[in-house]
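The sequence shown begins at 1200 in my numbering and counts up one residue at a time.
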Amino acid sequence: MSCITPPLLQNGDVIAITSPASAIAPTLIEGAVKALETEGFSVRVMPHAAGRHGSYSGTESERLSDIQTALDCPEIKAILCARGGYGAVHLLPHLHLSHPKWIIGFSDISALHALWHNQGWQSIHGSMAKELALCKCEGNEANRRLFEILRTGMMPEIAYNTHPGSIPGISQGKIIGGNLAVLEGLAATPYDILNEPCILVIEDIAEPIYKVERIFRRLRLSGALQSLKGLIVGQFTDYKPSADFSDMYSMISCEIADLQCPVSLGAPIGHIDNNLPFIEGAEITLNVNNKTTTIQQIAAN
């Protein structure tokens, strides 16, 4: 079943900034506001977006109130998550989704993407407040693509050099995924997307190689890995070599060597400066050849 594309945005439409997880420096929210206004949007900063309650931006009820209010307000057309960190999982059982609306973010926000997917809505895995504030808008490819998605509902083609550990092939299917540790934490819950026969995207930061290998082994034991239509491995950053593998991709290459679907290693998605956005729940074609890998959305009829 296809996912619903939320309404597209036009100049003057309101984007809410909320912090459903960890606290963020207020200056980064201010920078994001400036970037969004420069692009022609209006911005509403939710009451606790720049707050702090321990490591979080607010209490669980405050964070829930902010995002639920943004969901319920008809004037707000999209929700930009200020940052990830940890805490979005607290909100999953309490949020009520009634009208399709874009939510934007990555990292810990993968938990909310899983909720949106469970509801049958598309969402955007992409830039948050820090990326908008520090990169601004001019000349930043990731942010330019984000705004194009909001205005058109279509993601620009993503193309990059094929990593030597990839598995060539062409596949079509629904693209979903995000932060691997966050998605693994949702296993065997109503928000589990790792058991769906899709084109799965994974990325992570500061996860040891052996922990990522453990997740791959669980996916294999459950049969989920073998049922994938395709696998897109984004950037794994801030980890150390192990006694068994010099880098993460070497380990992953071993874990995926027998898969019968195309596998791409090294996609420009994750905790990097130019984290290219994609639409969670979009139908795409993944084409991995010996030289170039492309991720292209299939236009709806």
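Note that beta-carbon positions come from the ideal geometry of N, C-alpha and C, so glycine has one too.
Please read all numbers here as calculations on a predicted model, not as lab measurements.
Simplified DSSP state of residue i, which is helix, strand or coil
i     : result
G1230 : helix
C1336 : Legend: pLDDT at C1336 = 48, less than 50; position of this residue unreliable, value from coordinates given subsequently. Correct three-state label for C1336: coil.
C1453 : helix
S1201 : coil
H1362 : coil
A1220 : coil
R1243 : strand
K1166 : With the chain covering only 1200 through 1500, there is no way to say anything about residue 1166.
S1370 : strand
H1470 : coil
L1345 : helix
Y1438 : coil
T1491 : strand
A1328 : helix
A1499 : coil
G1286 : coil
P1255 : Per the sequence shown, residue 1255 should be read as Tyr rather than Pro. Strand.
L1235 : helix
Best match in the options for proximity to residue i [C-alpha to C-alpha]
i     : options                       : result
P1461 : G1377, T1258, I1431 and R1343 : I1431
Q1209 : E1236, F1415 and H1362        : E1236
Q1459 : L1427, Y1448 and A1220        : L1427
Y1390 : H1252, T1492, I1308 and F1444 : I1308
A1456 : A1481, T1493 and L1424        : L1424
G1211 : H1316, E1482 and G1239        : G1239
L1314 : S1306, H1295 and A1328        : H1295
W1320 : D1443, S1201 and F1444        : S1201
I1357 : N1339, S1306 and Q1495        : Q1495
L1345 : H1252, E1479 and P1363        : E1479
E1229 : V1244, S1306, A1220 and S1221 : V1244
L1513 : I1275, E1259, T1204 and A1281 : What the structure shows of the chain is the stretch from 1200 to 1500, and residue 1513 is not part of that stretch, so it cannot be assessed.
L1418 : G1429, P1440, N1394 and S1441 : N1394
G1286 : S1297, A1442, E1259 and K1490 : E1259
E1274 : S1241, L1420 and E1482        : S1241
T1492 : A1498, P1363 and E1383        : P1363
E1347 : F1444, A1498, I1497 and P1476 : P1476
F1305 : P1225, S1218 and L1420        : S1218
P1367 : I1392, L1420 and G1429        : G1429
Span of the alpha helix (DSSP H) around residue i
i     : result
V1411 : I1408 to S1421
H1312 : S1309 to Q1318
S1260 : E1259 to D1271
L1279 : Run containing L1279: none in the alpha helix (DSSP H); it sits in the beta strand (DSSP E), I1275 to C1280.
A1512 : Nothing in the structure corresponds to residue 1512, since the chain is present only between 1200 and 1500.
Close-in-space but distant-in-sequence residues of the same chain around residue i (CB under 7 Å, 5 per side omitted)
i     : result
G1433 : V1400, I1401, E1402, A1466, I1468 and G1469
A1277 : L1208, I1214, K1300, W1301, I1303 and L1349
Y1438 : A1405, E1406, P1407, I1408 and M1447
E1454 : E1412 and F1415
N1317 : P1389 and Y1390
C-beta contact flag for residue i and residue j at 9 Å
i     : j     : result
L1291 : L1311 : yes
I1223 : S1254 : no
V1381 : V1232 : no
L1379 : V1411 : yes
T1484 : I1369 : yes
H1324 : G1376 : yes
N1360 : N1473 : no
G1372 : C1397 : yes
G1284 : A1220 : yes
A1499 : T1204 : yes
Cutoff 6 Å; reference residue i; Cβ partners in own chain excluding five residues on either side
i     : result
T1436 : I1404 and H1470
S1365 : V1462, S1463, L1464 and V1487
H1247 : S1256, G1257, E1261 and D1265
G1250 : S1256 and G1257
S1322 : I1302, H1312, W1315 and E1479
L1279 : I1214, I1216 and I1303
H1252 : T1258
M1354 : I1348, F1477, I1478 and Q1496
F1444 : I1408 and M1450
E1383 : I1414
Continuous beta strand (DSSP E) stretch holding residue i: start and end
i     : result
D1403 : I1398 to I1404
I1483 : A1481 to V1487
V1462 : V1462 to L1464
H1324 : S1322 to H1324
8 Å Cβ shell around residue i - same chain, five flanking residues per side excluded
i     : result
T1351 : L1207
L1270 : I1278, L1294, H1295, L1296, S1297, H1298 and K1300
K1490 : N1360 and T1361
S1452 : G1364 and L1464
Any chain B beta carbon closer than 9 Å to residue i
i     : result
G1422 : This model lacks chain B altogether; it includes just one protein chain.
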